[in-house]
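In order, the protein sequence lines correspond to chains F and Y.
Under numbering that gives the first Met the number 0, the final residue of the first sequence carries the number 126; numbering is consecutive throughout.
Under numbering that gives the first Met the number 0, the final residue of the second sequence carries the number 383; numbering is consecutive throughout.
Cβ coordinates follow ideal geometry from the N, Cα and C atoms, glycine included.
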Amino acid sequence: MRIVKSTQTKLCVDGSLMKEYVLDTPLSEEFLEFLEQFGTVRYLEGMKKPYFSFEKEHFVSIRGFAGDTVVEVRYKKVGQDLVMDYFHLLLFYEREGEEGARKLKGIEESIREKMKVRLRTPAGNSP
Amino acid sequence: MESETPVIYINNAATTWPKPPEVLEEVARSLQLPVHEAGRTTVTGSTDYPAVTREALSAFFHAGPPEHFVFTQNATDALNLLIHGFAKKAGAPFHVVTTELEHNSVLRPLSALQDDGTISLSIVPFTDNRVSLAAIKSALRPETRLVVMTHGSNVLGSVQDLKPIAEYLAANDIFLIADGAQTAGHIPVDLTDIPAGAYVFTGHKALFGIAGTGGFFIRDPGAVAVTRQGGTGTDSRALTQPVTMPERFETGTHNSTGIASLYAGLRFISSAGIGAIERHGRDLTSLFLRETGNIPGITIYNRHPDLPVVAFNLRGLENAEAGFILARAYNVITRTGLHCAPLVHERIDGGNGCIRASFSYLNTKEQIRAAAAAVREVAESADR
Numbered sequence: 000m001r002i003v004k005s006t007q008t009k010l011c012v013d014g015s016l017m018k019e020y021v022l023d024t025p026l027s028e029e030f031l032e033f034l035e036q037f038g039t040v041r042y043l044e045g046m047k048k049p050y051f052s053f054e055k056e057h058f059v060s061i062r063g064f065a066g067d068t069v070v071e072v073r074y075k076k077v078g079q080d081l082v083m084d085y086f087h088l089l090l091f092y093e094r095e096g097e098e099g100a101r102k103l104k105g106i107e108e109s110i111r112e113k114m115k116v117r118l119r120t121p122a123g124n125s126p
Numbered sequence: 000m001e002s003e004t005p006v007i008y009i010n011n012a013a014t015t016w017p018k019p020p021e022v023l024e025e026v027a028r029s030l031q032l033p034v035h036e037a038g039r040t041t042v043t044g045s046t047d048y049p050a051v052t053r054e055a056l057s058a059f060f061h062a063g064p065p066e067h068f069v070f071t072q073n074a075t076d077a078l079n080l081l082i083h084g085f086a087k088k089a090g091a092p093f094h095v096v097t098t099e100l101e102h103n104s105v106l107r108p109l110s111a112l113q114d115d116g117t118i119s120l121s122i123v124p125f126t127d128n129r130v131s132l133a134a135i136k137s138a139l140r141p142e143t144r145l146v147v148m149t150h151g152s153n154v155l156g157s158v159q160d161l162k163p164i165a166e167y168l169a170a171n172d173i174f175l176i177a178d179g180a181q182t183a184g185h186i187p188v189d190l191t192d193i194p195a196g197a198y199v200f201t202g203h204k205a206l207f208g209i210a211g212t213g214g215f216f217i218r219d220p221g222a223v224a225v226t227r228q229g230g231t232g233t234d235s236r237a238l239t240q241p242v243t244m245p246e247r248f249e250t251g252t253h254n255s256t257g258i259a260s261l262y263a264g265l266r267f268i269s270s271a272g273i274g275a276i277e278r279h280g281r282d283l284t285s286l287f288l289r290e291t292g293n294i295p296g297i298t299i300y301n302r303h304p305d306l307p308v309v310a311f312n313l314r315g316l317e318n319a320e321a322g323f324i325l326a327r328a329y330n331v332i333t334r335t336g337l338h339c340a341p342l343v344h345e346r347i348d349g350g351n352g353c354i355r356a357s358f359s360y361l362n363t364k365e366q367i368r369a370a371a372a373a374v375r376e377v378a379e380s381a382d383r
């Protein structure tokens, strides 16, 4: 899956930044399974389309519909600049399977360390 | 988004859509000839939209003279002009009363004045979705010079009984700025009956104009100082702003096309009848409440709104999530979040926000039934 278009929609109520991505192929089950290794994935069925959401504290929220090409990603305020590539990284490393998951977890750890430093400093509370 | 599913737009408290065909036609007509410039050489047949729209506003709100209707970009712009102009005129620090129901278009200008020491501010709480005269009275002080309050809540859909409040404040020489952004076009507003110092309206909501239109009526223009200066096309030798109305507050080129849309919107309302519009809004709101009221897990924040506005949340879903699903899977367009009224949300939902469904005269009962069915399906899926 590749991003063919992205639109920065708005700054949300809580200061998150929202982006809408259009992918070249619909969201696959494999990608949703890959997501489960990195945060909480929730599925809701019984609606017109099967809905999913992905929640990763301090990083991103992702929401969309299985089989759809449009995804909405919300970048959390606290470390917005640190996680702005996170959705791209998910798409990139998903292609590499287990090896990709391992690499991405390493990158995540380094982002988390930077966040910790930032949260410890008063200025870091408003990135 | 499924293109085969027709859009059900129930976000009309933000901006009405669609606009009546007459509005679209007037917008096109307004661009077919050069802009009319009052008092200057102009093309035969062009319409002086600001002048005719002022007349229409004067008739619609039962207030005059028409020149006391001032055009602005929107209600927020009007409120800024009035609030900052009133503060400038006052000269010395004074006390202001406002309410928890307010939009940020009121709260932010007042906060800015509070921060720079120009005013002290009291915020009156609402009870049973409304702010009463008694609540306003209890907040008044000897140094209170200004009350700024909404006529209709954009979240709870409650209409404040402005008449006794305006009368009491007028009798006590306290200037009232009433924010009619949510009421104008939904319910009859008779300003002969409501002696507010100023009444603010917006064009792009229930008055069916396009975005970029709004304004206010001011009873005594001298109560508010001029905060903007510039070309008016009148008294051009003078380097000071004219004191005559509406030039006192209107400067620069008008949004002629926008005002043309407002003119057509007012004519549309007049032809449909404000009573019929109000009844239709109530019917749609009752229908939506009937169809959604018993959904397991739904919280409706005002089950008896005066305006066609229903604020709610669904158990198991964040409001933004519910709005996303309704829009993407069902083509039902609502508004989610804080609706720029953070103090209301602190009271009703812990400051997390809600989903708002808001209807227009151009919504149909079929649309409302379909929207309610979508809300039910989403709620039931989330609540499993």
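Under the DSSP definition of a beta bridge, which residues are partnered with G213 (chain Y)?
If you number the second sequence from 1, residue 213 (chain Y) lands on position 214. DSSP lists Y:T71 and Y:T201 as partners of G213 (chain Y).
- Determine the DSSP secondary structure at V127 (chain F), reduced to helix, strand or coil. Here chain F covers residues 0 to 126 and nothing more, so residue 127 (chain F) does not appear.
Buried or exposed: K87 (chain Y), going by 16 or more other Cβ atoms within 10 Å of its Cβ? Walking along the second sequence from the start, residue 87 (chain Y) turns up at place 88. The residue in question, K87 (chain Y), is exposed, as its Cβ has fewer than 16 Cβ neighbours within 10 Å.
Would A378 (chain Y) pass as a contact of G292 (chain Y) if the rule is Cβ separation under 8 Å?
Within the second sequence, the letter at position 379 stands for residue 378 (chain Y). Within the second sequence, the letter at position 293 stands for residue 292 (chain Y). Result no, Cβ atoms of A378 (chain Y) and G292 (chain Y) do not sit closer than 8 Å.
*Using a C-beta to C-beta distance shorter than 7 Å, which residues of chain F count as neighbours of F125 (chain Y)?*
Along the second sequence, read from residue 1 onward, the residue named residue 125 (chain Y) stands at position 126. Neighbours of F125 (chain Y) on chain F: none; closest Cβ ~21 Å, over 7 Å.
Next on the checklist: Pop quiz: T333 (chain Y) and N10 (chain Y) are said to be a contact at Cβ under 8 Å. What is the actual Cβ separation, rounded to whole angstroms?
Outcome noted: As a working mapping, residue 333 (chain Y) is identified with position 334 in the second sequence. As a working mapping, residue 10 (chain Y) is identified with position 11 in the second sequence. For T333 (chain Y) against N10 (chain Y), the beta-carbon gap comes to about 6 Å, under 8 Å, which counts as contact.
- Anything in chain Y within Cβ reach of K18 (chain F), meaning under 8 Å, just list it in chain order. As a first step, residue 18 (chain F) is located in the first sequence; it is residue number 19 there, counting from the start. Ordered by position in chain Y, no residue passes the 8 Å Cβ test against K18 (chain F), which lies about 13 Å from the chain.
Can you have a look at E365 (chain Y) and say buried or exposed, based on whether 16 or more other CB atoms are within 10 angstroms of its CB? Position 366 of the second sequence, counting from 1, holds the residue named residue 365 (chain Y). Its Cβ having fewer than 16 others within 10 Å, E365 (chain Y) is exposed.
_Taking the beta carbon of P64 (chain Y) as the centre, do at least 16 other beta carbons fall within 10 Å, making it buried, or is it exposed?_
Your numbering for residue 64 (chain Y) matches position 65 in the second sequence. Answer is exposed; the Cβ neighbour count stays below 16.
If you run the structure through DSSP and keep just helix, strand and coil, what is H57 (chain F)? For the purposes of this step, residue 57 (chain F) is taken as the residue at position 58 of the first sequence. In the structure shown, H57 (chain F) adopts coil according to DSSP, grouped into three states.
- With a cut-off of 8 Å on the beta carbons, I'd call P194 (chain Y) and E166 (chain Y) a contact; round off their distance for me. Here residue 194 (chain Y) corresponds to residue number 195 of the second sequence, with the count starting at 1. Here residue 166 (chain Y) corresponds to residue number 167 of the second sequence, with the count starting at 1. Right, the Cβ-Cβ distance comes to about 6 Å (below 8 Å), so this counts as a contact.
* Please list the partners that E114 (chain F) has in chain Y, where partner means a Cβ-to-Cβ separation under 7 Å. => Locating residue 114 (chain F) in the first sequence gives position 115, counting from the first residue. The sequence given here has Met at residue 114 (chain F), not Glu. What M114 (chain F) touches in chain Y: nothing, since even the nearest Cβ is about 23 Å away.
So, are the CB atoms of V386 (chain Y) and I173 (chain Y) less than 8 Å apart?
Given a span of 0 to 383 for chain Y in the structure shown, any question on residue 386 (chain Y) remains unanswerable.
query: Do we get a CB-CB distance below 8 Å when we pair L337 (chain Y) with the residues of chain F?
result: Taking the second sequence and counting its residues from 1, one reaches residue 337 (chain Y) at position 338. Judged by the 8 Å Cβ criterion, L337 (chain Y) is in contact with chain F.
(message) Quick check on S139 (chain F) - is its C-beta less than 8 Å from some C-beta in chain Y?
(response) For chain F, the structure presents residues 0 to 126; residue 139 (chain F) sits outside this window and is missing.
Worksheet item: Within 8 Å (strictly less), CB to CB, does L155 (chain Y) reach chain F?
Response: As a working note, residue 155 (chain Y) is residue 156 in the second sequence. Answer no: the Cβ-Cβ gap between L155 (chain Y) and chain F never drops below 8 Å.
Run through the DSSP bridge pairs and tell me what L10 (chain F) is partnered with.
Locating residue 10 (chain F) in the first sequence gives position 11, where the first residue counts as 1. Beta-bridge pairing links L10 (chain F) to F:L16.
Quiz item: For H253 (chain Y), which residues from the same chain have a beta carbon less than 7 Å from its beta carbon, with the 5 sequence-adjacent residues on both sides left out?
Solution: Translated into the one-based positions of the second sequence, residue 253 (chain Y) becomes position 254. Result list for H253 (chain Y): P49 and F70, in chain order.
Query raised in the report: Can you list the residues of chain Y that F58 (chain F) reaches, using a CB-CB cut of under 8 Å?
Result: The residue labelled residue 58 (chain F) in the question sits at position 59 within the first sequence. The premise fails here: F58 (chain F) is roughly 17 Å from chain Y at the closest Cβ pair, so nothing lies under 8 Å.
- Taking Cβ-Cβ distances shorter than 7 Å, what residues in chain Y pair up with R62 (chain F)? Here residue 62 (chain F) corresponds to residue number 63 of the first sequence, with the count starting at 1. By Cβ distance, chain Y contributes E320 and F323.
- Task: Look up Y262 (chain Y) in the DSSP assignment and say whether it is helix, strand or coil.
- Result: Taking the first residue of the second sequence as 1, we reach residue 262 (chain Y) at position 263. Looking at Y262 (chain Y) - three-state DSSP - the assignment turns out to be helix.
### Query
For F37 (chain F), which three-state DSSP category applies?
Residue 37 (chain F) sits at position 38 when you count from the first residue of the first sequence. Collapsing the DSSP output to three states places F37 (chain F) in coil.
- Between which two residues does the beta strand (DSSP E) carrying S119 (chain Y) extend? Indexing the second sequence from 1 puts residue 119 (chain Y) at position 120. Segment I118 to V123, the beta strand (DSSP E) holding S119 (chain Y).
Would you decide whether N124 (chain F) is buried or exposed? Buried here means 16 or more other CB atoms lie within 10 Å of its CB. Numbered from 1 along the first sequence, position 125 holds the residue referred to as residue 124 (chain F). Residue placement at N124 (chain F) cannot be trusted, given a pLDDT of 46 that sits under 50; the coordinates are not used to answer.
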